[in-house]
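Have a look at the structure below, then the notes.
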Amino acid sequence: MPNLEIVYRDLTATPLSHLTGSHLAAAQGAEPAAELREDLALSQGVLDEFLAADIVVLGAPMYNFTVPSQLKAWIDRIVVAGKTFSYGAQGAKGLAGNKRVIVAMSRGGFYGADTPSALGEHLETYLRWVFGFVGVANPEFISADGIQAGPGQREKALATALQAVTDLRAA
Ligand SMILES: Cc1cc2nc3c(=O)[nH]c(=O)nc-3n(C[C@H](O)[C@H](O)[C@H](O)COP(=O)(O)O)c2cc1C
């Protein structure tokens, strides 16, 4: 797709801070202190960027069984009541379903349903839930698994994942 406009956000090079009590107070109408205002503007920018995107591609290595905390900090900025979900009589409703989400994961071990570690898988299950919660019904996942299980497995995992990238539907 030659006319795609791509916005790249590196959550490691420019990490978002974790939410604090002051963020939550500001969200409920408290006047933010000067030093918080800049961060709230950044938050708004991150949310606007997510809402405007037709396709969101995430890189998500598994750290201690789930997302890295940098990615969690980003999720905390985009899962916002009234913006990406709302609560009503029927429970929660996603408001940001008009986009495609593709997640590229890597995991040191194996977490398939038939493995002893299956219960420790909180990366794909978590992200599937988060994006479903904001209305993205079918986020797509590609995974390189067993990255720490020796060089042979690493090569195999990367080759399989790259093939899965090639096989993604174009639009
Ligand atoms: C801090 C840290 C925690 C990790 N925790 C897990 C884990 O819980 N389960 C797992 O399978 N692999 C784990 N790994 C391995 C990574 O998921 C794997 O090596 C991944 O490919 C790292 O990607 P990166 O080099 O982009 O950070 C961990 C790696 C690091 C650095």
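With this note's numbering applied, the sequence shown covers 934 to 1104. By construction, the Cβ of each residue, glycine as well, lies at the ideal position given by its N, Cα and C atoms.
Less than 7 angstroms separating the Cβ of residue i from some heavy atom of ligand 1?
| i | result |
| --- | --- |
| I1075 | no |
Taking the alpha-carbon of residue i as reference, which of the options has the nearest alpha-carbon?
| i | options | result |
| --- | --- | --- |
| V940 | A985, E1057, F1066 and G1053 | A985 |
| L937 | D987, F1018, A1046 and G1068 | D987 |
| S1050 | G1042, L1056 and E1057 | G1042 |
| R1102 | R1087, L952 and F1074 | F1074 |
| I1035 | V1069, V1000 and K1026 | V1069 |
| D972 | L949, V1012 and R1033 | L949 |
| F1066 | G954, T1093, Y996 and A1025 | A1025 |
| F1018 | N997, P965, L980 and T1093 | L980 |
Given that a residue counts as buried once 16 or more other Cβ atoms are within 10 Å of its Cβ, and exposed if not, what is residue i?
| i | result |
| --- | --- |
| G1079 | buried |
| R1040 | buried |
| H951 | exposed |
| A1029 | buried |
| P1072 | buried |
| Y1020 | exposed |
| L991 | buried |
| L1091 | exposed |
| R916 | The chain is shown only over 934 to 1104; residue 916 falls outside these bounds and no answer can be derived. |
Could you pull the start and end residues of the alpha helix (DSSP H) that residue i belongs to?
| i | result |
| --- | --- |
| G954 | G954 to A960 |
| P1084 | P1084 to T1099 |
| I1011 | S1002 to I1011 |
| S1019 | Looking at the DSSP string, S1019 is not in any alpha helix (DSSP H); the run it does join, the beta strand (DSSP E), is F1018 to G1021. |
| A967 | A967 to A985 |
Can you tell me where the beta strand (DSSP E) with residue i in it begins and where it stops?
| i | result |
| --- | --- |
| F1043 | Careful: F1043 lies outside any beta strand (DSSP E) and carries neither H nor E. |
| Y1059 | Note, Y1059: premise wrong, no beta strand (DSSP E); alpha helix (DSSP H) at E1057 to F1066. |
| L991 | I988 to P994 |
Listed in chain order, which residues are found with a beta carbon closer than 6 angstroms to a heavy atom of ligand 3? Of the ligands this structure carries, namely ligand 1, none is ligand 3.
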